[in-house]
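The structure under discussion appears below in the form of structure tokens.
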Amino acid sequence: MQENKKFIIPHRGKITKQDRRRLKGHKSFILWFTGLSGSGKSTIAHAVEEKLFEMGVHTYVLDGDNIRTGLNKDLGFSAEDREENIRRIGEVAKLFVDAGIVVLSAFISPYRKDRQFVRNLVEKDEFVEIYVKCPLEVCELRDVKGLYKKARQGIIKNFTGIDDPYEEPENPEIVLETDRETIEECVEKIINYLAQNNYLEV
Ligand code: ADP
């Protein structure tokens with residue numbers, strides 16, 4: 002099978018990423034939300050999507066609900082599987098960017114090197130890393146899905162923040178502190194960043 006790889010010759014279509022962007026009237030890029038479970042990635046990603054939708058921007062949210070149950074349902078939470086999880090999400094996100102769509106990705110993505118891998122997959126101005134920062138204690142108090150309780154009881158193993166590390170971003174484009182800023186403030190911060198850096202035009 003691997004041998005056949007050398008016979009893969011890309012077909013160059015006439016329609017380019019730039020053409021698709023012109024048709025849509027805006028740039029395409031990845032808003033990469035990273036942070037602990039319960040920090041607010043999904044909540045904010047969906048709220049930002051709503052706002053962008055109202056503004057006429059074409060969007061799509063990638064999250065556990067549509068990725069872990071389909072494309073990546075064969076993967077678990079070992080370091081190896083987490084790496085493969087992020088690699089596939091990155092490749093899918095890249096296709097969305099090529100399609101001219103703003104893709105919002107909401108995964109813990111705990112390892113720096115995996116996030117860097119995705120950043121390197123696309124052009125410099127196509128990856129906006131958003132650190133959804135929230136102290137572990139607050140995330141644990143929220144315990145939206147009851148997962149922290151199960152991790153503390155040892156029912157769930159390799160849980161980020163409990164018995165698996167979370168590596169904080171070193172130079173994220175945006176930092177949100179969800180224990181201090183409201184959801185509305187976080188959304189506004191992201192929209193302002195995009196407007197100020199000309200992301201919302203072609
Ligand atoms: P994650 O996707 O990071 O696991 P969720 O978005 O599922 O987190 O859950 C975050 C929880 O925290 C939600 O119940 C949300 O209503 C609550 N929350 C409180 N304040 C904020 C805030 N400023 N930003 C985002 N979520 C917040």
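Residue 2 is where the sequence shown starts when you use our numbering, and the numbers rise one by one after that. The C-beta atom is built at its ideal place from N, Cα and C for all residues, glycine as well.
Which of helix, strand or coil does DSSP assign to residue 178?
-> In this structure, residue 178 counts as strand in the three-state DSSP scheme.
Should residue 152 be listed as close to the ligand ADP, given that the test is whether its C-beta is under 7 Å from any heavy atom?
-> Answer for residue 152: no, Cβ out of range of the ligand ADP.
Is DSSP giving residue 124 helix, strand or coil here?
-> Correct three-state label for residue 124: coil.
Work out the CA separation of residue 20 and residue 167 for me, nearest whole Å.
-> Near 39 Å, if we compare the C-alpha coordinates of residue 20 and residue 167.
Write down every uninterrupted run of the beta strand (DSSP E) in the stretch 25-97 whose length is 3 residues or greater and which is fully enclosed by it, in chain order.
-> If one requires a minimum length of 3 residues, the beta strand (DSSP E) runs lying completely within the stretch 25-97 are 31-35 and 60-64, in chain order.
Run the CB neighbour count on residue 53, radius 10 Å, all protein chains shown included, and call it buried at 16 or more, exposed below.
-> Classification of residue 53: buried, given that the 10 Å Cβ count is 16 or more.
Have a look at residue 205 and residue 165 and give me their C-alpha separation to the nearest angstrom.
-> Any property of residue 205 remains undetermined from this structure, which presents the chain solely from 2 to 203.
Is the distance from the Cβ of residue 149 to the Cβ of residue 104 below 8 Å?
-> With contacts defined by Cβ atoms closer than 8 Å, residue 149 and residue 104 do not form a contacting pair.
Check whether the Cβ of residue 163 sits closer than 7 Å to any heavy atom of the ligand ADP, and report yes or no.
-> The nearest non-hydrogen atom of the ligand ADP is 7 Å or more from the C-beta of residue 163.
Flag residue 42 as yes when its Cβ comes closer than 7 Å to any non-hydrogen atom of the ligand ADP, and as no otherwise.
-> True, at least one ligand heavy atom lies under 7 Å from that Cβ.
Tell me whether residue 1 is buried or exposed, calling it buried when 16 or more other Cβ atoms sit within 10 Å of its Cβ.
-> The requested residue 1 is not part of the displayed model; the chain covers only 2 to 203.
What span of residues does the beta strand (DSSP E) with residue 100 cover, start to end?
-> That residue, residue 100, is in no beta strand (DSSP E); it is neither H nor E in DSSP.
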